[in-house]
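Undergrad: Sharing a structure, written as structure tokens. Questions coming.
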RNA sequence: UCCCCAGUAGCUCAGUUGGCAGAGCGAGUGGCUGUUAACCACUUUGUCCGCGGUUCAAAUCCGUGCUGGGGAGCCA
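Residue numbers (this note's numbering): 418 to 876.
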């Protein structure tokens, strides 16, 4: 007989004569002649109640079972006479797989997120983090399903790159050079390094995705990216996952349509498949989460240009710490005002001044702005950043010259504009930020299994 | 990297004017009960973050370092 996952038992329509479950004890309530044990196996938020009576041969052993211990229970699934649960298991046999000693760090009470971060290897055993990581898993599946249903191909972009072309902040260096030799020589001799040149961990798969969009049409990359920025905030980690679709024959408007459909589909998927886990976040993390999710799924997202956004901010009468100025990037407080107070829903901001955006974004006819788009959402700020790409070789090269970028390093990228270039567009979505949005979790470290931040690489 | 706040028992915290180190929870023991973060009784627990200074006396005041949190910048 095979063991059954607890989520299946709890959804059972009928009582069952014999079942086997395996899991860990969440709480235990003893009486003289029997014990109630809540068993959780991670298959769902809820635990199942097991009743073990003194008639069991090893009852004196069962009495010593503690929170965190692992059990294999054989028994009958019966309707529970007690309140609080429909089903429970009357145990016919309890095999003690292992007993957790009394210094098991997870107590039968709520712990702070800060404390649980210090035991990140154990925190998925808590209700909150178990729920968060089940949702994370389900969202990963939803992404691949969404793109497969739309006929996109998944591209595995390289994690180690030879160029820092994306220009998105500090990169982690990848080297096989011996630090002792480097110290002796007083420099890094990249010619002797593994790749014969400087190498880094990727900050974006976009340029790779553009190449494949010119071949497979619609593609996406979804994988880890790395930033060596010394940023200490609740919204940044050094290693995070980014989703980057790239679409041939696509302009800025279609890019936004796609982004809106993506966020709505992912959110709806999580709502449908993780209802219990989301309910925990609504109850304990953010009482307004239900409304946030409804807005994400049902509202049409606002779409305004950067210039219009600046106008709204200037006319708002709101006092900002930093002045609103056309030509500079928006501050966090500006983004939050637009999404949270003015529109009260996600808002696309388009056509930014070219000076504050990267070289690859398509120049608009006004010569001043580029076809960029950011999706700003309440509480998080920028969830998505993207653009229509510059497909015209002469315009792209001129822009690279203006910005002082070495064209020879980008020969392969420029080839895509030489041979059969087409209008195309794409964006990047920070996966962890999406998870923060749908769970209400306010610290990005709590949606990453083992977060990497400056000075921290435990576990 | 900058600004602000915090660090006291395993966890969450209190500690008044500088004057004997405290509570709740957890854990342990016993009891009781179809219990629901069970309940009742008893027991247990300290490098007051580290270092240096002021003082008769420092958890408390000063300096400094470390760690954590919030915000900013940068960004996703």
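We put the beta carbon where it would ideally sit given N, CA and C, even for glycine. Note that the structure is a prediction, hence the values are computed from the model and not measured.
Are the beta-carbon atoms of residue 514 and residue 489 separated by less than 7 Å?
TA: yes
Undergrad: Using 10 angstroms around the beta-carbon of residue 602, count the other beta-carbons present and answer buried if the total reaches 16, otherwise exposed.
TA: Exposed is the call here.
Undergrad: Give me the residue from 620, 589 and 834 with the minimum Cα distance to residue 373.
TA: Nothing in the structure corresponds to residue 373, since the chain is present only between 418 and 876.
Undergrad: Spatial neighbours of residue 727 within its chain, please: C-beta separation below 7 Å, excluding the five flanking residues on both sides.
TA: Result list for residue 727: 741 and 743, in chain order.
Undergrad: Please state whether DSSP places residue 804 in a helix, a strand or coil.
TA: Residue state, collapsed to three classes: strand.
Undergrad: Please return the same chain residues whose Cβ sits closer than 6 Å to the Cβ of residue 443, not counting the five positions on each side in sequence.
TA: 455, 457 and 464
Undergrad: Please state the DSSP three-state secondary structure of residue 665.
TA: strand
Undergrad: Apart from the five residues just before and just after residue 418, which ones in its own chain have a Cβ nearer than 7 Å to its Cβ?
TA: 435 and 437.
Undergrad: Using C-beta distances below 6 Å, list every residue in its chain close to residue 690, excluding the 5 sequence neighbours before and after it, in chain order.
TA: 555
Undergrad: Out of 804, 855 and 854, which one is the CA nearest neighbour of residue 841?
TA: Minimum Cα-Cα distance from residue 841 among the listed residues 804, 855 and 854 corresponds to 804.
Undergrad: Who are the Cβ neighbours of residue 752 in its own chain at under 7 Å, not counting the five residues just before and after it?
TA: 793, 798 and 799
Undergrad: Taking the Cβ atom as the reference point for each residue, do residue 838 and residue 808 lie within a distance shorter than 7 Å?
TA: yes
Undergrad: What's the call for residue 862, buried or exposed, on a 16-neighbour Cβ count within 10 Å?
TA: buried
Undergrad: Near residue 612, what residues of its chain come up, given a Cβ to Cβ distance below 6 Å and the 5 sequence neighbours on each side ignored?
TA: none
Undergrad: Could you please give me the residues that DSSP links to residue 770 through a beta bridge?
TA: 786
Undergrad: Might you give, ordered along the chain, the residues of its own chain that have their beta carbon closer than 8 Å to the beta carbon of residue 423, omitting 5 neighbours on each side?
TA: 438, 440, 456, 457, 458, 460, 461, 463, 464 and 465
Undergrad: When burial is assigned at 16 or more other CB atoms within 10 Å of the CB, is residue 823 buried or exposed?
TA: exposed
Undergrad: What whole-angstrom Cβ distance do residue 510 and residue 473 have, given they're in contact under 8 Å?
TA: 7 Å
Undergrad: What does residue 763 pair with, by DSSP beta-bridge criteria?
TA: Looking at the DSSP output, residue 763 shares a beta bridge with no other residue.
Undergrad: Do you know offhand how far residue 544's Cα is from residue 695's?
TA: 11 Å
Undergrad: Can you give me the Cβ contacts of residue 776 inside the same chain, cut-off strictly under 7 Å, excluding the 5 residues immediately before and after it?
TA: 816, 817, 820 and 822
Undergrad: Start and end of the alpha helix (DSSP H) containing residue 635?
TA: No alpha helix (DSSP H) holds residue 635; the beta strand (DSSP E) holding it covers 635-643.
Undergrad: Whole angstroms are fine: how far does the CA of residue 478 sit from the CA of residue 470?
TA: 12 Å
Undergrad: Could you check whether the stretch 660-680 touches the stretch 695-707, counting it as contact only if at least three pairs of C-beta atoms, one from each stretch, sit closer than 8 Å?
TA: no
Undergrad: Can you give me the start and stop residues for the beta strand (DSSP E) that residue 726 sits inside?
TA: Unbroken run through residue 726 is the alpha helix (DSSP H), 723-732; no beta strand (DSSP E).
Undergrad: Rounded to whole angstroms, what is the Cα-Cα separation between residue 723 and residue 540?
TA: The alpha-carbon atoms of residue 723 and residue 540 are separated by roughly 42 Å.
Undergrad: If you check the beta carbons only, do residue 647 and residue 871 fall under 7 Å apart?
TA: yes
Undergrad: Just reading off the alpha helix (DSSP H) that residue 457 is part of, what are its end residues?
TA: Not the alpha helix (DSSP H): residue 457 falls in the beta strand (DSSP E), residues 451-457.
Undergrad: According to DSSP, is residue 690 part of a helix, a strand, or is it coil?
TA: helix
Undergrad: Just the Cα atoms here: how many angstroms apart are residue 568 and residue 560?
TA: 13 Å
Undergrad: Within its chain, find whatever has a CB closer than 6 Å to the CB of residue 576; leave out the 5 residues flanking it on each side and keep chain order.
TA: 619
Undergrad: By DSSP, does residue 677 sit in helix, in strand, or in coil?
TA: helix
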